[in-house]
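Participant: Below is a structure I'd like to ask you about.
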Amino acid sequence: MIQQIKSWLEDATVDIFIGYRDVDGHAVPHGYTADRLEELGNWTVGTHRYPLETFALHLARIHPEATIGLLGRDCNQRALNVLSVWNQLHADRIRVLSLSCCPSALKTRADCSYLVPRKSGSFKHQVGVDAEMEAAELEALPSGERWARWAYEFQKCIKCYGCRDICPVCFCAECSLESDELVGTGKLPPEVPIFHLVRATHMAGRCVDCGLCEEACPADIPLRLLYRKVNAIVEDLFGYQTGSDTAQPPLSVLGDRVELEPLPMEKTG
Amino acid sequence: MTETQGVNAMECKLVPSICSYCGTGCGVLFEVIDGKLQGTMPMKSHPVNEGKLCIKGWHLHEHINSFMRLKSPLIKNNGRFEKATWDEAIQTTAQRLSSVVERHGPDSVGVLVSAKITNEENYLAQKFARACIGTNNVDHCARL
Ligand code: SF4
Ligand code: SF4
Ligand code: SF4
Ligand code: SF4
C-alpha cells in the first residue's frame, strides 16, 4: 500500500494523499505529498475512523485544481459518492485507495471502529433505544412506547453539534440547526423532537450510514438508527440507495431539473 | 515541475492537542491546511473523551482566526486602551501590583487560577501568591 501511494505521488497521479500517520500510537489523519515522501515512514492504519473526505473537501475548496488521493474505507467511498452527487467534489479529481474494513473469516484483518458491538446498560434497555436495534424491532412496539423511548434519547442531547460537525455529508454553509425560527437556539435540551427530526429529514438521500455521528455523540443517542429509517423510506419511495453510486438522488429537484411551474404568489390581505 | 509548484506546496495535516476550555482536557485534532487552522476534530483514540467533545471543544479553532482576537497587550492610559509590548505590560503590572501591596498590604490582593492552565502553571501561580505577594488568597475558576 505504501509503495502504491509513493508511486502515485512520484508520478503525480495525485498531488496529495490523505491517510493516517502514527503519532505516539495514535492514528492521526495526514496528507502526504511528493516533497515530503519520507513521512510515509510514519504511515499507519488503525481501527479509528475519521471523515477523510471532509479534509479532502476543505482542501479542494482551497486548491480546486489539485488531484487528491485518499484512503477509502467502504463508508468513505459512499460519502465521496454523495459529495460528488451534491456537486461538492469532482469525482475525476479524487483517487481512492481501498482499505480492507469489513470483517470476514476469509481475511486476516479488517480495520473499523464498528467491529466490536457496543453494549448498552440495562436502564437504556428499559427506557431508551438501543443502538444495536433494528428499525423493524422498534416498530413492533406500540407507538406510545416508541415515542417515549425516543423522547428519552432526544432529551439527553447536549447540543454539541458534534453529529453535524463530524458528518461527511453535512457540508452546508448555513445550517438549519442554528436557525432560531426552526429549532429555537440557546436552550437545553433542544426542542424535542424537532432538533433531531430536522437533521433526520436532511439526511434523507444523503446519510451514508457511516455511524460517525453516533460515535461522536456524547449522549449516546442512536442517531444512525434514526437516519437508517429515513433512508429506508427514501429507498421504498424512490428505489434510491444513498451513496451507492454517483447518480442523481431523487430529492435534488432544485436547480436545472425543476419541472414545476412557479405559481403566482397569492395576496393574503 | 514549475507549474505544479503551487499544488506541491499543499499541506493538510491534523495536529493533536488538548482542549483548553475546561479541566476535563479532551483530546482534539486541529485541522491545518496550508499552515492555517481550519477546524477541530475530537481525537478518537484519546482516553479522556474517546472521540467526543462538547460544543466548546468543537469550536476551538474559531477564535484563533477571529478578527476580534487580541494579539498584543493593551494598557489603559487616561481611560483609553493603547497597544503595548509585553515588556511594557509586565513592567506596568508589576509596578502597580507592588504599589497596591505597599499601600494596602498583601491581603488586598487575590490570585485566581484556572482549570485551563497546567498543573505546573497553577503551582507557580500559588507560589507567586504566597511567596512573592505574601497572601493565601488563592482560588480557582471552578469555585466562582
Ligand atoms: S443538519 Fe441539515 S442544514 Fe445542517 S449541515 Fe446538515 S444537512 Fe445542512
Ligand atoms: S451516519 Fe451520521 S455521520 Fe454518517 S453520513 Fe449518516 S448522518 Fe452523517
Ligand atoms: S452529537 Fe448527540 S448530543 Fe451532540 S448535538 Fe448531536 S445528538 Fe445532540
Ligand atoms: S471539549 Fe468540552 S468537556 Fe472537553 S475539555 Fe473542552 S470544554 Fe471541557
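If you read the sequences in order, they're chains A and B. Numbering-wise (this note's numbering), the first sequence opens with residue 5 and increments by one. Numbering-wise (this note's numbering), the second sequence opens with residue -4 and increments by one. Glycine included, C-beta positions come from ideal geometry on N, C-alpha and C.
(1) Would a C-beta distance cut-off of 8 Å place valine 212 of chain A and phenylalanine 199 of chain A closer than the cut-off?
(2) Let me confirm a value: aspartate 102 of chain B is counted as buried when at least 16 other C-beta atoms fall within 10 Å, else exposed. Which label applies?
(3) Got a sec: is the Cβ-Cβ distance from leucine 207 of chain B to anything in chain A below 8 Å?
(4) Could one say the Cβ of cysteine 17 of chain B lies closer than 8 Å to chain A's Cβ atoms, at least one of them?
(5) For the segment 39 to 58 of chain B, list every residue whose C-beta sits within 7 Å of some C-beta in chain A, in sequence order.
(6) Buried or exposed: which applies to glutamate 178 of chain A, given that a residue is buried once 16 or more other Cβ atoms fall within 10 Å of its Cβ?
(7) Less than 8 Å between C-beta atoms, sequence neighbours within five positions excluded: which residues of the same chain meet that for histidine 274 of chain A?
(8) Give the secondary structure of phenylalanine 62 of chain B by DSSP, where H, G and I count as helix, E and B as strand, and everything else as coil.
(9) Counting by C-beta, which residues lie closer than 6 Å to a heavy atom of ligand 1, in chain order?
(10) Is there a Cβ of chain A sitting closer than 8 Å to that of leucine 9 of chain B, yes or no?
(11) In this structure, how does DSSP classify tyrosine 118 of chain B when only helix, strand and coil are distinguished?
(12) Counting only beta-carbon separations shorter than 8 Å, does isoleucine 13 of chain B have a partner in chain A?
(13) When you compare each of A/Thr246, A/Phe175 and A/Ile170 to glycine 46 of chain B by their alpha carbons, which one comes out closest?
(14) Any Cβ of chain A within less than 8 Å of the Cβ of methionine 63 of chain B?
(15) Three or more beta-carbon pairs under 8 Å between the segment 239 to 253 of chain A and the segment 203 to 212 of chain A, yes or no?
(16) On the three-state DSSP scale, how would you describe alanine 3 of chain A?
(17) Identify the continuous alpha helix (DSSP H) that holds arginine 153 of chain A and give its terminal residues.
(18) What residue does the beta strand (DSSP E) around glycine 188 of chain A start on, and which one ends it?
(19) Who are the Cβ neighbours of arginine 99 of chain A in its own chain at under 6 Å, not counting the five residues just before and after it?
(20) What do you reckon, are the CB atoms on leucine 56 of chain A and phenylalanine 175 of chain A nearer than 8 Å?
(21) Step through the CB atoms of chain B and report whether any lies within less than 8 Å of the CB of proline 107 of chain A.
(22) From the DSSP output, in three-state form, read off threonine 37 of chain A for me.
(23) Jot down the residue ranges of each uninterrupted beta strand (DSSP E) in the segment 44 to 94 of chain B, minimum 3 residues, whole runs only, in chain order.
(24) Within a Cβ cutoff of 8 Å, which residues of the same chain sit near valine 95 of chain B, ignoring the five residues on either side of it in sequence?
(25) Taking 7 Å as the line, does the beta carbon of isoleucine 228 of chain A fall inside it for any heavy atom of ligand 2?
(26) For ligand 3, I want to know if lysine 31 of chain B counts as a neighbour, meaning its beta carbon is within less than 7 Å of at least one of the ligand's heavy atoms.
(27) Which residue spans inside the segment 39 to 123 of chain A form an unbroken beta strand (DSSP E) run of at least 3?
(28) Rounded to a whole number of angstroms, what is the C-alpha to C-alpha distance between alanine 79 of chain B and leucine 55 of chain B?
(29) Based on DSSP bridge pairs, tell me the residues matched to glutamate 26 of chain B.
(30) Could you tell me whether the Cβ of phenylalanine 199 of chain A comes closer than 8 Å to any Cβ of chain B?
(31) From isoleucine 29 of chain A to glutamate 6 of chain B, what distance separates their C-alpha atoms?
(32) Report yes or no: do three or more beta-carbon pairs, one from the segment 211 to 228 of chain A and one from the segment 149 to 165 of chain A, lie closer than 8 Å?
(33) I'd like to know whether the C-beta atoms of valine 23 of chain B and leucine 48 of chain B end up nearer to each other than 8 Å.
(34) Taking the straight line between their C-alpha atoms, what separation do you get for alanine 124 of chain B and arginine 91 of chain B?
(35) Which residues bound the alpha helix (DSSP H) around histidine 206 of chain A?
(36) Which residues in chain B sit within 7 Å of phenylalanine 59 of chain A, going by Cβ to Cβ distance?
Facilitator: On the basis of the coordinates in this document:
(1) In the first sequence, the residue the question calls residue 212 of chain A occupies position 208. In the first sequence, the residue the question calls residue 199 of chain A occupies position 195. In this structure, phenylalanine 199 of chain A does not lie closer than 8 Å to valine 212 of chain A by Cβ.
(2) Translated into the one-based positions of the second sequence, residue 102 of chain B becomes position 107. Burial call: exposed.
(3) No statement about residue 207 of chain B is possible, as the shown extent of chain B runs from -4 to 139 and does not include it.
(4) For this step, residue 17 of chain B is matched to residue 22 along the second sequence. So, not an interface residue.
(5) Taken in chain order, the members of the segment 39 to 58 of chain B whose beta-carbon sits within less than 7 Å of a beta-carbon on chain A are Lys39, Ser40, Gly46, Lys47, Leu48, Cys49, Ile50 and Trp53.
(6) By one-based count along the first sequence, residue 178 of chain A stands at place 174. Per the 10 Å Cβ criterion, exposed.
(7) Nothing about residue 274 of chain A can be read from this structure; chain A reaches only from 5 to 273.
(8) On the second sequence, residue 62 of chain B is found 67 positions in, with the first residue counted as 1. Three-state DSSP puts phenylalanine 62 of chain B in coil, outside helix and strand.
(9) Going by the Cβ distance cut-off, the answer is A/Arg168, A/Cys174, A/Cys176, A/Cys179, A/Ser180, A/Leu181, A/Arg203 and A/His206.
(10) Sequence index remark: in the second sequence, residue 9 of chain B carries index 14 (1-based). Under the 8 Å criterion on CB atoms, leucine 9 of chain B is classed as interfacial with respect to chain A.
(11) For the purposes of this step, residue 118 of chain B is identified with residue 123 of the second sequence, where counting begins at 1. Helix, per DSSP.
(12) Here residue 13 of chain B refers to the residue found at position 18 of the second sequence. Interface criterion not met: the Cβ of isoleucine 13 of chain B is under 8 Å from no Cβ in chain A.
(13) One-based indexing of the second sequence puts residue 46 of chain B at position 51. Across the set A/Thr246, A/Phe175 and A/Ile170, the C-alpha of A/Ile170 shows the shortest separation from the C-alpha of glycine 46 of chain B.
(14) Within the second sequence, the letter at position 68 stands for residue 63 of chain B. For methionine 63 of chain B, the answer is no, since every Cβ of chain A falls outside 8 Å of its Cβ.
(15) Segments in contact, yes.
(16) What is shown of chain A runs 5 to 273, which leaves residue 3 of chain A out entirely.
(17) Taking the first residue of the first sequence as position 1, residue 153 of chain A is located at position 149. Boundaries of the alpha helix (DSSP H) around arginine 153 of chain A: 147 to 158.
(18) Position 184 of the first sequence, counting from 1, holds the residue named residue 188 of chain A. First-last for glycine 188 of chain A: undefined, no H or E at that position.
(19) The count along the first sequence starts at 1 and reaches residue 99 of chain A at position 95. So the list reads Val18 and Gly73, once near-sequence residues are dropped.
(20) For the purposes of this step, residue 56 of chain A is taken as the residue at position 52 of the first sequence. For the purposes of this step, residue 175 of chain A is taken as the residue at position 171 of the first sequence. No; because the gap between Cβ atoms is not below 8 Å, this pair is not in contact.
(21) Taking the first sequence and counting its residues from 1, the one referred to as residue 107 of chain A is at position 103. So, not an interface residue.
(22) Along the first sequence, read from residue 1 onward, the residue named residue 37 of chain A stands at position 33. Three-state result, threonine 37 of chain A: coil.
(23) Whole beta strand (DSSP E) segments, 3+ residues: 69 to 72 and 75 to 78.
(24) Position 100 of the second sequence, counting from 1, holds the residue named residue 95 of chain B. So the list reads Ser103 and Val104, once near-sequence residues are dropped.
(25) Position 224 of the first sequence, counted from the first residue, corresponds to residue 228 of chain A. What sits at residue 228 of chain A in the sequence shown is arginine, not isoleucine. Residue side-chain check: arginine 228 of chain A places its Cβ nearer than 7 Å to a non-hydrogen atom of ligand 2.
(26) Taking the first residue of the second sequence as 1, we reach residue 31 of chain B at position 36. Remark: the shortest separation between the CB of lysine 31 of chain B and any heavy atom of ligand 3 does not fall under 7 Å.
(27) Counting only runs of 3 or more, we get 72 to 76 and 98 to 102.
(28) Locating residue 79 of chain B in the second sequence gives position 84, counting from the first residue. Locating residue 55 of chain B in the second sequence gives position 60, counting from the first residue. The alpha-carbon atoms of alanine 79 of chain B and leucine 55 of chain B are separated by roughly 27 Å.
(29) Here the question's residue 26 of chain B lines up with position 31 in the second sequence. Answer is B/Leu9 and B/Gly34.
(30) Taking the first residue of the first sequence as position 1, residue 199 of chain A is located at position 195. The C-beta of phenylalanine 199 of chain A comes no closer than 8 Å to any C-beta of chain B.
(31) Counting from 1 along the first sequence, the entry for residue 29 of chain A is found at position 25. Counting from 1 along the second sequence, the entry for residue 6 of chain B is found at position 11. Note that residue 29 of chain A corresponds to glycine in the displayed sequence, not to isoleucine. Going by the C-alpha atoms only, they are around 22 Å apart.
(32) Flag = yes, the segment 211 to 228 of chain A and the segment 149 to 165 of chain A touch.
(33) In the second sequence, the residue the question calls residue 23 of chain B occupies position 28. In the second sequence, the residue the question calls residue 48 of chain B occupies position 53. For valine 23 of chain B and leucine 48 of chain B, yes; Cβs fall inside 8 Å.
(34) Taking the first residue of the second sequence as 1, we reach residue 124 of chain B at position 129. Taking the first residue of the second sequence as 1, we reach residue 91 of chain B at position 96. Each residue's alpha carbon lies about 15 Å from the other.
(35) For this step, residue 206 of chain A is matched to residue 202 along the first sequence. Boundaries of the alpha helix (DSSP H) harbouring histidine 206 of chain A: 198 to 206, taken from the DSSP string.
(36) Against the first sequence, residue 59 of chain A aligns to sequence position 55. What phenylalanine 59 of chain A touches in chain B: Cys7 and Glu26.
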